[in-house]
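Enquirer: In full-length UniProt numbering, the protein residues as written are 1 to 89.
No residue lacks a Cβ here, since even glycine has one placed at the ideal position from N, Cα and C.
If you're wondering where the values come from, they're calculated on a predicted model, not measured in any experiment.
Quick one: the structure is below, and I'll ask about it shortly.
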Ligand SMILES: [Zn+2]
């Protein structure tokens, strides 16, 4: 019996024990070194591949949009300070 039956082929983590006989010293060592498999690795790998494909397609579809030029600000006129009435005696 090799490690292949104990380890997840995707994340190399230790798969959940299928039975009592699965709890071996080798398995214990592998849990320490590799940790547990979180499960669903095969599905996650497939999902990741699918998402990667999708994002690639999106990148191809998405065209580079030209950045809209910022309209130049008009000449700033000097602020007119209103003269307060009734200040002079
Ligand atoms: Zn795994």
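Quick one, which of 10, 85 and 23 has its alpha-carbon nearest residue 48's?
Expert: Position 48 of the chain shown, counted from the start, is the residue given in the question as residue 48. Nearest of 10, 85 and 23 to residue 48, Cα basis: 10.
Enquirer: For a test of the three-state rule: what should DSSP assign to residue 14, helix, strand or coil?
Expert: In the chain shown, the residue the question calls residue 14 occupies position 14. Note: residue 14 maps to strand in three-state DSSP.
Enquirer: Return the chain-ordered list of same chain residues with a C-beta closer than 7 Å to the C-beta of residue 37, the five sequence neighbours on each side being excluded.
Expert: Start at 1 with the first residue of the chain shown, and residue 37 comes out as number 37. So the list reads 8, 11, 13, 14 and 15, once near-sequence residues are dropped.
Enquirer: Could you tell me which of 24, 6, 61 and 26 sits nearest to residue 39, measuring between CA atoms?
Expert: Numbered from 1 along the chain shown, position 39 holds the residue referred to as residue 39. With distances taken between Cα atoms, residue 39 lies closest to 6.
Enquirer: Tell me where the alpha helix (DSSP H) around residue 54 begins and ends.
Expert: Taking the chain shown and counting its residues from 1, the one referred to as residue 54 is at position 54. Residue 54 -> alpha helix (DSSP H) spans 41-61.
Enquirer: Starting from the N-terminal end, write out each residue whose C-beta falls within a distance shorter than 5 Å of any non-hydrogen atom of ligand 1.
Expert: Going by the Cβ distance cut-off, the answer is 8, 10, 11, 13, 37 and 41.
Enquirer: Keeping to the same chain, check which residues put their C-beta closer than 8 Å to that of residue 27; ignore five residues upstream and five downstream.
Expert: On the chain shown, residue 27 is found 27 positions in, with the first residue counted as 1. Result list for residue 27: 6, 14 and 17, in chain order.
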